[in-house]
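Chains as they are written, first to last, in the numbering used here: chain F, 1 to 95; chain H, 101 to 195.
Okay, structure first, notes after.
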């Protein structure tokens, strides 16, 4: 299994933006073979090290990860994220 | 449920360091009431935005999160991490 984590900071973070992003990512859920789980949530702790929002996905294997990266639904969300994100970092790990 | 994500970059990343960190975090697993899941893994994608390693935890509720933050096993790992980490960021979200 591959666990895929991305954390984001935004140019103009707001509750409305977070809801928009959650709605957009939810279009992908259930539509990529091998995408076992996709969670999105805004940070609730607001620590100095906190980013604004995280994406957490689980994929059955590398082929599923690649399908997700290339699928049109994901590319549409990615294009939107590019317009609102100021910084993002990721970690992908296997278990 | 609270999902707790921390991503790290290290002063001197190495496979040996990643194994040490995984061993240290595994001492916490099963020893905090309400800590439902704790995964640690080193990045396998090595993208420009990638960090070196991630911690992913699930807590039943905020009380469990607080127990984890205050427990001696976690504080010991945190003290070690402080000596090796160069940057870290987190997102904590509820689902």
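Virtual Cβ for every residue (Gly too), placed ideally from N, Cα, C.
Residue 85 of chain F: first and last residue of the uninterrupted alpha helix (DSSP H) it sits in: Residue 85 of chain F -> not in any alpha helix (DSSP H); beta strand (DSSP E) instead, spanning 85-94.
Which class does residue 70 of chain F belong to by DSSP, given the choice of helix, strand or coil? helix
Identify the contact partners of residue 144 of chain H in chain F, using a Cβ-Cβ distance below 8 Å as the criterion. Residues of chain F whose Cβ lies closer than 8 Å to the Cβ of residue 144 of chain H are, in chain order, 2, 92, 93 and 94.
Residues in the stretch 160-177 of chain H with C-beta within 8 Å of chain F's C-beta atoms, listed in sequence order? none
For residue 102 of chain H, is the classification buried or exposed, using 16 other Cβ atoms within 10 angstroms of its Cβ as the cut-off for buried? buried
So which residues of chain F does residue 141 of chain H contact, with C-beta pairs closer than 9 Å? 3, 91, 92, 93, 94 and 95
Bridge partners - residue 37 of chain F, DSSP secondary structure assignment: F:58
Tell me the DSSP secondary structure of residue 14 of chain F in three-state form. coil
Chain B residues whose Cβ lies nearer than 8 Å to that of residue 150 of chain H: Annotation note: the requested chain B is absent from the structure, which comprises protein chains F and H.
For residue 154 of chain H, return the contacting residues in chain F, with the cut-off set at a CB-CB distance below 8 Å. 3, 5, 91 and 93
Run the CB neighbour count on residue 90 of chain F, radius 10 Å, all protein chains shown included, and call it buried at 16 or more, exposed below. buried
Decide if the stretch 62-80 of chain F is in contact with the stretch 148-155 of chain H; the criterion is three or more beta carbon pairs, one per stretch, under 8 Å apart. no
Does any residue of chain H bring its CB to less than 9 Å from the CB of residue 35 of chain F? no
Run through DSSP, which three-state label would residue 151 of chain H get? coil
Report the CB separation of residue 105 of chain H from residue 7 of chain F in whole angstroms; it is logged as a contact under 8 Å. 7 Å
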